[in-house]
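Note that the sequence shown covers residues 45 to 190 in my numbering.
Don't be surprised by glycine CBs; every beta carbon is placed ideally from N, CA and C.
Only a predicted model underlies this, so the values are computations on that prediction, with no experimental measurement involved.
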Amino acid sequence: MRILVDADACPVKDIIIKVAKHFNIAVLMFIDTSHVLHDDYSKIVTVGQGKDSVDMALVNSVEEGDVIITQDYGLAAMVLAKKAHVINQNGLIYTDDNIDILLLQRHLSQKARKARKRIKSAKKRTKSDNELFEKNFMDLCESLIQ
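Here it is as structure tokens:
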């Protein structure tokens with residue numbers, strides 16, 4: 045089991061490393077060349093810029109049983125198909141039971157934006173968001189190690 049992170053805009057990299065060290069799990073952080081990331085614990089995988097280049101590199105690296113951190117529903121769906129476990133930066137664990145509705149909601153939001161309908165913007169990240177992510181991520185890793 046490894047942890048693979050869609051790291052370009054991931055706000056919880058420090059928590060991921062903390063939990064990974066606790067369980068002694070290898071971490072791969074995927075970024076494109078427009079980002080710079082340094083970490084002594086993780087392996088940094090840098091790919092060229094391009095639409096979905098990080099997503100494709102990550103999907104091609106996933107193995108059954110890996111844990112993926114991403115906020116991208118499309119990427120989540122692809123790695124679920126490879127029998128990986130997926131959690132987002134807010135602690136939501138993606139499953140075969142919830143991914144279809146999440147993809148539908150994304151599609152409807154895209155249609156609304158194209159029709160120039162007002163969509164609520166994302167709320168500012170809070171300390172409790174980080175705490176929920178850490179708890180759920182820790183619980184996920186613990187359940188997979190046993």
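For H66, the uninterrupted alpha helix (DSSP H) segment begins and ends at K57 to F67. C-alpha of D183 to C-alpha of R169: approximately 21 Å in a straight line.
Burial state of F67 is exposed, judged by a 10 Å Cβ sphere holding fewer than 16 other Cβ atoms. The DSSP-derived three-state label of K95 is coil. Beyond the five residues adjoining it in sequence on each side, E186 comes within less than 8 Å, by CB distance, of F67 in the same chain, given in chain order. Annotation: A51 to N104 spans about 16 Å, alpha carbon to alpha carbon. Between the segment 91-110 and the segment 59-77, the count of C-beta pairs closer than 8 Å reaches three or more; the two stretches touch.
For V123, the uninterrupted alpha helix (DSSP H) segment begins and ends at Y117 to A125. Of the candidates V106, I131 and K171, I131 places its Cα closest to the Cα of F181.
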